[in-house]
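**Q**
Protein chains: 2
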Amino acid sequence: MPALQARKPKDVAALIRAAREDRGLSQGELAELVAFSRDYMVDLESGRPTVYMARLFRVLHELGITVTLEYEVDDGKS
Amino acid sequence: MPALQARKPKDVAALIRAAREDRGLSQGELAELVAFSRDYMVDLESGRPTVYMARLFRVLHELGITVTLEYEVDDGKS
DNA sequence: CGGCGATGTGGCGATATCCCCACAGTAGAG
DNA sequence: CTCTACTGTGGGGATATCGCCACATCGCCG
Chain Z
1461 MPALQARKPK
1471 DVAALIRAAR
1481 EDRGLSQGEL
1491 AELVAFSRDY
1501 MVDLESGRPT
1511 VYMARLFRVL
1521 HELGITVTLE
1531 YEVDDGKS
Chain S
1461 MPALQARKPK
1471 DVAALIRAAR
1481 EDRGLSQGEL
1491 AELVAFSRDY
1501 MVDLESGRPT
1511 VYMARLFRVL
1521 HELGITVTLE
1531 YEVDDGKS
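Chains Z and S supply the protein sequences, listed in that same order.
Note that the working numbering gives residue 1531 to position 71 of the first sequence, counting from 1, and the numbers run on in steps of one.
Note that the working numbering gives residue 1488 to position 28 of the second sequence, counting from 1, and the numbers run on in steps of one.
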């Protein structure tokens, strides 16, 4: 179960590429599944920082990638 | 430690708001920390689906929110 | 009641995303 | 070598983001 802490767009790009290849899909096939252009997939996997959040989620979901967000609460519980 | 599986922009928006309030910050104060506009924070917390990925990471990082991505590998293991 | 801080909405403008198209480079099959 | 499939790059165009500004609302306090 590949996993990683993503801090930058390039981290996301790397995992998307890895997941896509593990699924045996080409950029064009994945683009068709999510109804985006192949050019978009190229930009996404190259780590473009300015892709839209909803589009990103669409791709992640299609590849079966789960996104977990968490943070520590600082309630001065000495 | 608040955590959640994010599937949509609104999920992210909700956690950002929760984290910001736990930090005792106003939208304007957080906006200043990340060097964005207050209007942007309003849009972000309202679940706007078209915010840019890098900007999103900037806010998440500032609030101490970690992002974990993972997926199952389907290597026909019986 | 009047003032203050925080949040949400609307319009306006400059800038960039995303798509389409064409072409180049690489790897593998026959 | 030839042909095919996949990936990366560049230019051009339509559309939307993001910042600025003004205004309205709500809760709280003196």
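Yeah, the Cβ is synthetic: ideal placement off N, Cα and C, and Gly gets one too.
1. Straight-line CA distance for residue 1519(S) to residue 1508(Z)?
2. Could you give the first and the last residue of the continuous beta strand (DSSP E) run that contains residue 1527(Z)?
3. Is it buried or exposed for residue 1505(S), if we count other Cβ within 10 angstroms and need 16 for buried?
4. Going by DSSP in three states, residue 1466(Z) sits in which element: helix, strand or coil?
5. Could you confirm whether any beta carbon from chain S is found closer than 9 Å to the beta carbon of residue 1524(Z)?
6. On the criterion of 16 or more Cβ atoms from any shown chain inside 10 Å, does residue 1513(Z) qualify as buried, or is it exposed?
7. Applying the 10 Å Cβ sphere with the 16-neighbour rule, what's the burial state of residue 1473(S)?
8. Select from the segment 1479-1505 of chain Z all residues with a C-beta closer than 8 Å to any C-beta belonging to chain S, and list them in chain order.
9. CB residue 1476(S) to CB residue 1530(Z), shorter than 9 Å?
10. Less than 9 Å separating the beta-carbons of residue 1466(Z) and residue 1527(S)?
11. Between which two residues does the alpha helix (DSSP H) containing residue 1517(S) stretch?
12. If you reduce the DSSP assignment to three classes, tell me which class residue 1507(S) lands in.
13. Would you say residue 1498(S) and residue 1488(S) are within 9 Å of each other, going by their C-beta atoms?
14. Let me confirm a value: residue 1501(S) is counted as buried when at least 16 other C-beta atoms fall within 10 Å, else exposed. Which label applies?
15. Just to check my reading of the structure: residue 1533(Z) and residue 1471(S) have Cβ atoms closer than 8 Å, yes? What is that Cβ distance to the nearest angstrom?
16. Terminal residues of the continuous alpha helix (DSSP H) containing residue 1484(Z)?
**A** The answer reads as follows:
1. Indexing the second sequence from 1 puts residue 1519(S) at position 59. Indexing the first sequence from 1 puts residue 1508(Z) at position 48. Spanning the two alpha carbons is a distance of roughly 17 Å.
2. Counting from 1 along the first sequence, the entry for residue 1527(Z) is found at position 67. Counting along the chain, the beta strand (DSSP E) containing residue 1527(Z) begins and ends at 1526-1530.
3. As a working note, residue 1505(S) is residue 45 in the second sequence. Looking at its Cβ environment, which holds 16 or more other Cβ atoms inside 10 Å, residue 1505(S) is buried.
4. Sequence index remark: in the first sequence, residue 1466(Z) carries index 6 (1-based). In the three-state scheme derived from DSSP, where H, G and I count as helix and E and B as strand, residue 1466(Z) is classed as strand.
5. Locating residue 1524(Z) in the first sequence gives position 64, counting from the first residue. Yes, because at least one Cβ of chain S sits closer than 9 Å to the Cβ of residue 1524(Z).
6. If you number the first sequence from 1, residue 1513(Z) lands on position 53. Buried is the call here.
7. Numbered from its first residue, the second sequence carries residue 1473(S) at position 13. Classification for residue 1473(S): buried.
8. From the segment 1479-1505 of chain Z, only 1479, 1482, 1483 have a Cβ closer than 8 Å to chain S.
9. Residue 1476(S) sits at position 16 when you count from the first residue of the second sequence. Residue 1530(Z) sits at position 70 when you count from the first residue of the first sequence. Taking 9 Å as the Cβ cut-off, residue 1476(S) and residue 1530(Z) do not qualify as a contacting pair.
10. Looking up residue 1466(Z) in the first sequence gives position 6. Looking up residue 1527(S) in the second sequence gives position 67. It is a contact, given that the beta carbons lie within the stated cut-off.
11. In the second sequence, counting from the first residue as 1, residue 1517(S) sits at position 57. Counting along the chain, the unbroken alpha helix (DSSP H) around residue 1517(S) starts and ends at 1513-1522.
12. Counted from its first residue, the second sequence places residue 1507(S) at position 47. In this structure, residue 1507(S) counts as coil in the three-state DSSP scheme.
13. In the second sequence, counting from the first residue as 1, residue 1498(S) sits at position 38. In the second sequence, counting from the first residue as 1, residue 1488(S) sits at position 28. Yes, they are a contact pair.
14. Position 41 of the second sequence holds residue 1501(S). It counts as buried.
15. As a working note, residue 1533(Z) is residue 73 in the first sequence. As a working note, residue 1471(S) is residue 11 in the second sequence. That pair is no contact at about 18 Å.
16. Taking the first residue of the first sequence as 1, we reach residue 1484(Z) at position 24. Per DSSP, residue 1484(Z) belongs to no alpha helix (DSSP H) and is neither H nor E.
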